[in-house]
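Visitor: Letter by letter, the sequence shown follows residues 1 to 481 of full-length UniProt numbering.
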Amino acid sequence: MAAADVPETALKLPRIFELLSPLYLRFQLHCSSSHCPNQDNHQTRPFRFIPEATQVFRTLVHHFTTAPLLVHPDPAKPFVVEVDASEVGAGAVLSQRGPDSKLHPCAYFSRKFTPTQTNYRVGDRELLAIKWALEEWWQWLLGAPELFTIWIDHQNFIHIQNARQLNPRQARWALFFESFHFHLAYRPSAKNLKADALSRPHAQSAPVREPPPILPAQRFVAVLHWPVEDAIRAALPAEPTPADTPSNRLYVPSSCRSEALAWGHASRSAGHQGETQTLQFLRRALWWPSMAKDVQEYVAAYPTCALSKTPNQPPAGDLHPLPVPHRSWSHIGLDFVTGLPPVNQLDTVLTVVDRFSKAVHLVALPGLPTAKQMAEILLEQVVRLHGFPQDIVSDRGPQFMSRFWRAFCRLVGASSSLSSGYHPQTNGQTERANQQLGRYLRCFASSQPNTWPKHLLWTEMSHNLHVSSATGHSPFELCYG
1 MAAADVPETA LKLPRIFELL SPLYLRFQLH CSSSHCPNQD NHQTRPFRFI
51 PEATQVFRTL VHHFTTAPLL VHPDPAKPFV VEVDASEVGA GAVLSQRGPD
101 SKLHPCAYFS RKFTPTQTNY RVGDRELLAI KWALEEWWQW LLGAPELFTI
151 WIDHQNFIHI QNARQLNPRQ ARWALFFESF HFHLAYRPSA KNLKADALSR
201 PHAQSAPVRE PPPILPAQRF VAVLHWPVED AIRAALPAEP TPADTPSNRL
251 YVPSSCRSEA LAWGHASRSA GHQGETQTLQ FLRRALWWPS MAKDVQEYVA
301 AYPTCALSKT PNQPPAGDLH PLPVPHRSWS HIGLDFVTGL PPVNQLDTVL
351 TVVDRFSKAV HLVALPGLPT AKQMAEILLE QVVRLHGFPQ DIVSDRGPQF
401 MSRFWRAFCR LVGASSSLSS GYHPQTNGQT ERANQQLGRY LRCFASSQPN
451 TWPKHLLWTE MSHNLHVSSA TGHSPFELCY G
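#1: Would you mind reading off the limits of the beta strand (DSSP E) that contains Q96?
#2: Could you check what DSSP says for F176 in three-state terms: helix, strand or coil?
#3: Is it a yes or a no for the segment 136 to 147 touching the segment 168 to 178, going by three-plus beta-carbon pairs under 8 Å?
#4: Just reading off the alpha helix (DSSP H) that A371 is part of, what are its end residues?
#5: Extract the residue ranges of the alpha helix (DSSP H) inside the segment 450 to 476, only unbroken runs of 4 or more that lie entirely within it.
#6: Beta-carbon within less than 8 Å of L236's beta-carbon, same chain only, minus the 5 sequence neighbours each way: which residues are those?
#7: Compute the distance between the beta-carbons of W287 and P246, then report whether it is under 7 Å.
#8: Give the C-beta separation of T150 and V93 to the nearest angstrom, bearing in mind that I take them to be a contact with Cβ-Cβ under 8 Å.
#9: Beta carbon of E126, beta carbon of A85: below 7 Å?
#10: Alpha carbon to alpha carbon, what distance is there between G397 and V295?
#11: To which residues of the same chain is H331 closer than 7 Å at the C-beta, ignoring the five residues directly before and after it?
#12: Nearest to K102 by alpha carbon, out of T116, V80 and Q117?
#13: Rounding to the nearest angstrom, what Cα-Cα distance links G387 and R406 in this structure?
#14: In the structure shown, what three-state DSSP assignment does S34 receive?
#15: If Q170 sits next to D124, beta carbons under 8 Å apart, how far is it from one beta carbon to the other, in whole angstroms?
#16: Determine the DSSP secondary structure at E431, reduced to helix, strand or coil.
#17: Once the 5 residues before and after A231 are set aside, which same chain residues still bring their CB inside 8 Å of it?
#18: Does DSSP put V363 in a helix, in a strand, or in coil?
#19: Measuring only the C-alpha atoms, how far is G481 from A144?
#20: Going by DSSP in three states, G333 sits in which element: helix, strand or coil?
#21: With 16 other CB atoms within 10 Å as the buried threshold, where does C479 fall?
#22: When you compare the CB positions of G271 and L282, do they come within less than 7 Å of one another, or not?
#23: I need the straight-line Cα distance from V228 to A445, nearest angstrom please.
#24: Is there contact between the segment 398 to 417 and the segment 365 to 378, where contact requires at least three CB pairs shorter than 8 Å?
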């Protein structure tokens, strides 16, 4: 903010001109009359802008910004830059000595700090003020034939040009300072009044308008809350938290444990997982002493799981798994689940599995796709999110054995790996995901089979949310960190 830009109603105006007037108006003739109306505005009383004071203000601004007070810079003479930084802004004065050996101002500079810059340390704010002053007057200071002086009121920073240890911000500014030929000189704050006055805020008498919120209140539908947590916290006063409760988990009183078990096992995000995964899911946020025993009994006795799940025993003999990839979504497996109840012509689900993170994407389809349709689906549902894969494992369906599919794989740089005939274990990870899909749909959609497409999103999220026994991490964590 330049001197001419200071508003007439600035609350700090009397103090600013009280500091600057004795220093500069000595160079002006017939300026003592400009002070007369201000004599009544004593520092102990509120400052009121009567018409006479407004006229004095305009006269002072004219004195500060016109010759003979303001002189034109002379490149042949050395410059003096007076710099200061306050809590909210920076100010600087560019001056040169005249024939009377006194400093005459050439230009003024003032700028307000951003909210981020107000959090800088005191020394960094001072260096930022120096940087701004050099940028403001670079046309006079860059390449000046005479060494110019910068006055600061922080003695610790006069040796910054030779400092060996600088933080990254100071190091960047030090590189910028190298372009200028100057030296830093210490000047006590009591004598650095001109720059100090320019660094002070010009607070307005008019109320400051707050910026509108990013999301207006009328856009909020409701406050997001977790009913289970609300019930637990309401019951805690009757059953205090034990001393051995982990610090990062919430203790569940005995009256709320049935509700917590139902949420951790039978909710849509939980997905009716087994004992181990249900326990891991609950332990992310909750705790009580007999948690493992209660989860085991609850899962074993849950009626929906007993009716919907099939035994899952490991096959006999040694397994020969496919090579483990080195990153997510570089090697994927594809398979179809068919024969589902038709809903809006949808009766098939494409299962896409990332062999590294075990993440799953589920896509509802109107029947088995052709090779061309399969390529379009892969681009829309997988490639646009994760990039092109290096290897695609699938069964020996006609769409995967066609010339079009082989040409598509060569075009995107992926190898097409087909499973052995009558040996679904080749694509075992995808087959396992299909089993989980069937189990989830039986648990949640068996009473209303025509709603199965609505449950695909929750099935996918539930799978990707739970920790995989093969990796020890959830697919979400391995994919996104």
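Positions of the beta carbon are idealized from the N, C-alpha and C atoms, including for glycine.
If you're wondering where the values come from, they're calculated on a predicted model, not measured in any experiment.
Guide: Reading off the structure:
#1: G89 to R97
#2: helix
#3: no
#4: A371 to L378
#5: 452 to 465
#6: Y251 and P253
#7: yes
#8: Per the sequence shown, the amino acid found at residue 150 is Ile instead of Thr. With a contact defined as Cβ atoms closer than 8 Å, I150 and V93 miss out at about 11 Å.
#9: yes
#10: 42 Å
#11: P325, R355, F356, P389, Q390 and D391
#12: V80
#13: 18 Å
#14: Unreliable placement is indicated for S34, whose pLDDT of 45 sits below 50; the coordinate value is still reported in the next sentence. S34 falls in the helix class under three-state DSSP.
#15: 7 Å
#16: helix
#17: Same-chain partners within the cutoff: C256 and E259.
#18: Shown here, V363 sits in a strand according to DSSP, grouped into three states.
#19: 53 Å
#20: strand
#21: buried
#22: no
#23: 24 Å
#24: yes
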